[in-house]
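Just so you know, we're using full-length UniProt numbering here: the sequence shown kicks off at 1 and counts up by one.
All remarks here apply to the structure that follows.
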Amino acid sequence: VVGGCRLLLLLVLGRAAAPPGGMLYPRDTPSRERKELGGLWSFRADFSPGRDAGFVQRWYRQPLRQSGPVIDMPVPASFNDITQDPSLENYIGWVWYEKEVLLPLRWLQDSSTRVVLRFGSAHYYSIVWVNGVQVVEHEGGHLPFEADISSIAQASPGIPCRITVALNNTLTPHTLPPGSIQYMDDKTRYPKNYFVQNIRFDFFNYAGIHRPVVLYTTPSVYIDDITVTTASSETVAMVKYQVSVVGSTLYSLSLSLYDHEGKVVATGDGPAGELKVLNPNLWWPYLMHENPGYRYSLEVKMEAQANGALLEDIYTLPVGIRTVHVTSSQFLINGRPFYFHGVNKHEDADIRGKGLDWPLVMKDFNLLRWLGANSFRTSHYPYAEEIMDLCDAYGIVVIDECPGVGIKMPESFGNKSLQHHLVVMEELIRRDKNRPSVVMWSVANEPASELPPAAYYFKTVIAHTKALDPSRPVTFVTDANYALDHGAPYVDVICVNSYFSWYHDPGHLEVIPLQLTAQFENWYKTYQKPIIQSEYGADSVPGLHSDPPLMFSEEYQKAMLREYHAVFDKKRKEYVIGELIWNFADFMTNQGTTRVLGNKKGIFTRQRQPKSAAFVLRERYWKIANESSCLPPIIVTSPLY
Numbered sequence: 001v002v003g004g005c006r007l008l009l010l011l012v013l014g015r016a017a018a019p020p021g022g023m024l025y026p027r028d029t030p031s032r033e034r035k036e037l038g039g040l041w042s043f044r045a046d047f048s049p050g051r052d053a054g055f056v057q058r059w060y061r062q063p064l065r066q067s068g069p070v071i072d073m074p075v076p077a078s079f080n081d082i083t084q085d086p087s088l089e090n091y092i093g094w095v096w097y098e099k100e101v102l103l104p105l106r107w108l109q110d111s112s113t114r115v116v117l118r119f120g121s122a123h124y125y126s127i128v129w130v131n132g133v134q135v136v137e138h139e140g141g142h143l144p145f146e147a148d149i150s151s152i153a154q155a156s157p158g159i160p161c162r163i164t165v166a167l168n169n170t171l172t173p174h175t176l177p178p179g180s181i182q183y184m185d186d187k188t189r190y191p192k193n194y195f196v197q198n199i200r201f202d203f204f205n206y207a208g209i210h211r212p213v214v215l216y217t218t219p220s221v222y223i224d225d226i227t228v229t230t231a232s233s234e235t236v237a238m239v240k241y242q243v244s245v246v247g248s249t250l251y252s253l254s255l256s257l258y259d260h261e262g263k264v265v266a267t268g269d270g271p272a273g274e275l276k277v278l279n280p281n282l283w284w285p286y287l288m289h290e291n292p293g294y295r296y297s298l299e300v301k302m303e304a305q306a307n308g309a310l311l312e313d314i315y316t317l318p319v320g321i322r323t324v325h326v327t328s329s330q331f332l333i334n335g336r337p338f339y340f341h342g343v344n345k346h347e348d349a350d351i352r353g354k355g356l357d358w359p360l361v362m363k364d365f366n367l368l369r370w371l372g373a374n375s376f377r378t379s380h381y382p383y384a385e386e387i388m389d390l391c392d393a394y395g396i397v398v399i400d401e402c403p404g405v406g407i408k409m410p411e412s413f414g415n416k417s418l419q420h421h422l423v424v425m426e427e428l429i430r431r432d433k434n435r436p437s438v439v440m441w442s443v444a445n446e447p448a449s450e451l452p453p454a455a456y457y458f459k460t461v462i463a464h465t466k467a468l469d470p471s472r473p474v475t476f477v478t479d480a481n482y483a484l485d486h487g488a489p490y491v492d493v494i495c496v497n498s499y500f501s502w503y504h505d506p507g508h509l510e511v512i513p514l515q516l517t518a519q520f521e522n523w524y525k526t527y528q529k530p531i532i533q534s535e536y537g538a539d540s541v542p543g544l545h546s547d548p549p550l551m552f553s554e555e556y557q558k559a560m561l562r563e564y565h566a567v568f569d570k571k572r573k574e575y576v577i578g579e580l581i582w583n584f585a586d587f588m589t590n591q592g593t594t595r596v597l598g599n600k601k602g603i604f605t606r607q608r609q610p611k612s613a614a615f616v617l618r619e620r621y622w623k624i625a626n627e628s629s630c631l632p633p634i635i636v637t638s639p640l641y
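Dropping the structure here:
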């Protein structure tokens with residue numbers, strides 16, 4: 001039996017539309033305060049046969065410790081690898097988190113103060129209560145959600161707020177990513193009520209509260225959303241803005257744009273308008289300019305009358321001035337050809353799983369810049385806002401991908417799945433629309449786009465994405481045959497994955513030049529659109545050596561890369577606009593006969609130590625950067641092996 005209903009693994013509580021309003025990142029300003037709720041939370045997994053004891057017994061009505069045994073669980077982190085309990089590592093169903101927090105009295109004694117509880121992400125389906133009152137529910141494991149808890153918190157000043165979260169990691173044919181539950185009814189082979197979660201993607205389905213949980217304040221009349229788009233020439237730039245205010249229609253808005261030195265370069269007022277910047281500093285990618293990632297600060301100040309009092313709200317938004325344009329053979333940033341030489345990544349590491357971890361984040365960015373990588377794709381889901389902030393600051397270009405990975409089953413192309421996919425794109429664009437590093441949206445990875453329903457499905461998703469954000473190109477990543485792909489007609493850039501001599505003709509490096517050349521020529525002849533090699537690579541076990549190269553050795557990974565690179569060098573003179581290695585680092589997957597502690601296609605180990613291929617790629621990327629950059633050349637050579 002396949003399905004998600006029999007054991008109440010996922011409540012049928014889906015929304016038809018994204019919640020209205022903005023999703024500005026919480027920042028400390030003169031009118032706003034934050035309280036981080038990271039650290040240890042109480043935790044309990046529901047091991048009842050139906051995974052529904054927490055709801056039947058209403059665990060949210062009293063402290064979680066009164067419901068039964070609880071353990072300490074770090075937040076943010078995945079729960080899977082924290083304990084020594086194998087049943088928790090592969091747990092599917094509802095888990096419960098709880099945290100008690102004492103709020104400052106100044107937050108609670110002023111009725112003009114609004115208190116908001118915000119989750120950066122929690123995987124996959126969340127229901128949140130405060131002091132036993134449900135405040136929000138959210139579907140999706142990779143995007144933020146929040147709730148106004150002012151009335152609940154202010155009703156009991158001086159008493160800790162008890163925040164309870166029920167979280168379900170079950171995937172169904174209609175979730176993103178999709179999956180299915182399979183029940184094993186053969187009692188001679190499986191225990192009673194035995195089931196497994198089947199997935200069609202190659203990374204571990206880590207679960208938990210993966211990103212920061214924050215309480216923050218605003219005035220009761222507040223700046224809810226800001227949208228910025230930019231246009232520029234060499235001597236002048238225009239920064240268009242729209243600001244929405246919630247809580248009153250009687251307000252005034254003033255805006256000031258500051259440069260790095262704190263100098264005001266433009267001012268404006270009102271909810272919509274245009275700021276003119278003379279001799280602008282443009283946002284440039286890493287290695288394209290001596291000052292990459294330049295951002296201005298847009299200070300938005302609101303004043304409003306409410307209940308006879310004057311309220312003021314201030315929010316500061318980083319703004320990068322840059323343009324993106326796609327031709328039939330080029331990708332232009334600020335009018336100059338841009339070549340993606342970068343990586344695909346995962347949010348994945350030992351112990352913490354997919355939880356945000358600052359030392360790991362900084363190590364990754366230092367490795368990216370050491371490598372000479374100018375870009376990455378957020379394979380295969382939106383990454384943490386904190387990571388995206390650093391992309392903006394360091395000039396790392398991003399293909400921003402939604403969680404549309406593993407869309408393989410015919411039922412995943414139906415209207416229920418489509419409507420949810422549209423909501424996810426709304427939430428993603430609402431979050432990342434103002435980021436200069438984000439130059440393209442990706443709506444899926446390796447879907448079954450050869451199926452007939454894929455035509456209407458991707459036509460609809462891509463049109464919806466373009467309507468939400470006309471300023472960026474849209475793509476999805478395909479591994480289908482060029483002649484059979486029903487989604488490709490609707491993308492702006494062809495992104496294609498191929499693993500010649502690995503999944504196809506394994507061990508035969510000699511077929512790569514012919515097959516890769518044919519791939520590019522067939523796609524370009526059919527669509528006349530620029531092409532990115534969005535994945536290619538080979539597994540290598542660190543320290544495993546073979547000469548002549550054999551599969552899984554470090555030498556084979558290097559040899560495959562060099563065969564691909566020779567073809568890239570010919571085709572990037574024509575219409576190939578990028579190459580993204582799979583993968584930046586080794587990562588965990590489900591157990592399987594082809595996965596020895598995960599996927600080993602990283603050029604770095606899971607602990608971020610370089611394999612031989614990292615030096616091959618570093619030498620190549622710096623060589624490409626030196627060809628296209630106006631900066632003094634940097635000579636990088638690989639160590640001998």
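All residues carry an ideal CB built from backbone N, CA and C; glycine is no exception.
Whose CA, out of ILE223, PRO318, MET238, lies closest to the CA of THR230? MET238
Name the two residues that bound the continuous beta strand (DSSP E) containing ASP400. 397-401
Between which two residues does the alpha helix (DSSP H) harbouring GLU554 extend? 554-571
Can you give the Cα-Cα distance for ALA384 and MET362, rounded to whole angstroms? 13 Å
At a threshold of 6 Å, does TYR296 count as lining the ligand ATP (C-beta to nearest heavy atom)? Among the components modelled here there is no ligand, and therefore nothing to report on the ligand ATP.
Measure from the C-beta of ALA454 to each C-beta in chain B and report whether the shortest distance is under 7 Å. Included in the structure is just one protein chain, with no chain B present.
I'd like the span of the beta strand (DSSP E) that includes PHE203, first residue to last. PHE203 -> no beta strand (DSSP E), and no H or E assigned at all.
Cβ atoms of THR83 and residue 668: under 7 Å apart, would you say? What is shown of the chain runs 1 to 641, which leaves residue 668 out entirely.
Just to confirm the assignment: which complete alpha helix (DSSP H) runs, minimum length 4, are found wholly within the segment 441-478? 453-468
On the CB-based measure, 16 or more other CB atoms within 10 Å of its CB, does VAL576 come out buried or exposed? buried
Residue interval of the alpha helix (DSSP H) (run including TYR621): 612-628
In this structure, what does DSSP give as the bridge partners for MET302? LEU253, ASP313
Starting from residue 643, trace the alpha helix (DSSP H) in both directions and tell me its first and last residue. Residue 643 lies beyond the range of the chain shown here (1 to 641); nothing can be said about it.
Quick test of your reading: GLY406 and ILE92, contact by CB under 8 Å. State the CB separation rounded to the nearest angstrom. Contact doesn't hold; Cβ gap of about 16 Å is too wide.
Give a yes or no on contact between the segment 145-159 and the segment 203-213, applying the rule of three or more CB pairs nearer than 8 Å. no
Exposed or buried, which one is ALA16 when buried takes at least 16 other CB atoms within 10 Å? With a pLDDT of 48 at ALA16, under the threshold of 50, the modelled position of that residue is not reliable, and no figure is offered here.
Is the beta carbon of LYS611 less than 7 Å from the beta carbon of GLU555? no
Go through its chain and collect everything with a Cβ distance to THR465's Cβ below 8 Å, but skip five positions before and after it. MET425, ILE429, TRP441, VAL443, VAL474
Report yes if the CB atom of GLY372 is closer than 7 Å to the CB atom of ALA625, and no otherwise. yes
Give me the Cα-Cα distance between SER67 and GLY50, rounded to the nearest whole angstrom. 17 Å
In this structure, what does DSSP give as the bridge partners for CYS495? VAL477, ILE532
C-beta atoms of PRO438 and VAL398 nearer than 7 Å: Rather than Pro, the amino acid found at residue 438 in this sequence is Val. For VAL438 and VAL398, yes; Cβs fall inside 7 Å.
Could you compute how far the alpha carbon of ARG27 sits from the alpha carbon of GLY507? 52 Å
Let's test the definition: count the other Cβ atoms within 10 Å of the Cβ of PHE47 and tell me whether it reaches 16, buried, or not, exposed. exposed
CA-CA distance, ALA467 and PHE458? 14 Å
Residues near GLU563 by beta carbon distance below 6 Å, same chain, minus five either side: LEU509, ILE512
Buried or exposed for GLY404, going by 16 or more other Cβ atoms inside 10 Å? buried
Tell me, please, whether the segment 162-179 touches the segment 126-135 by the rule of three or more beta-carbon pairs shorter than 8 Å. yes
Should the segment 53-68 be regarded as contacting the segment 92-108, the criterion being three or more beta carbon pairs within less than 8 Å? yes
Could you have a look at MET288 and say whether DSSP puts it in helix, strand or coil? coil
Would you list the residues sitting across from ASP148 in a DSSP beta bridge? VAL116
By the three-class DSSP mapping on this structure, what secondary structure does VAL324 have? strand
Cβ separation of HIS421 and LEU37, assumed to be a contact under 8 Å, to the nearest whole Å: Contact doesn't hold; Cβ gap of about 31 Å is too wide.
Report buried or exposed for ARG377, applying the criterion of at least 16 other Cβ atoms within 10 angstroms of its Cβ. buried
Taking the continuous alpha helix (DSSP H) assigned at ILE407, which residues delimit it? Here ILE407 belongs to no alpha helix (DSSP H), and DSSP marks it neither H nor E.
Sheet register partners of residue 643 (DSSP bridge): In the structure as shown, the chain begins at 1 and stops at 641. Residue 643 is therefore absent and cannot be evaluated.
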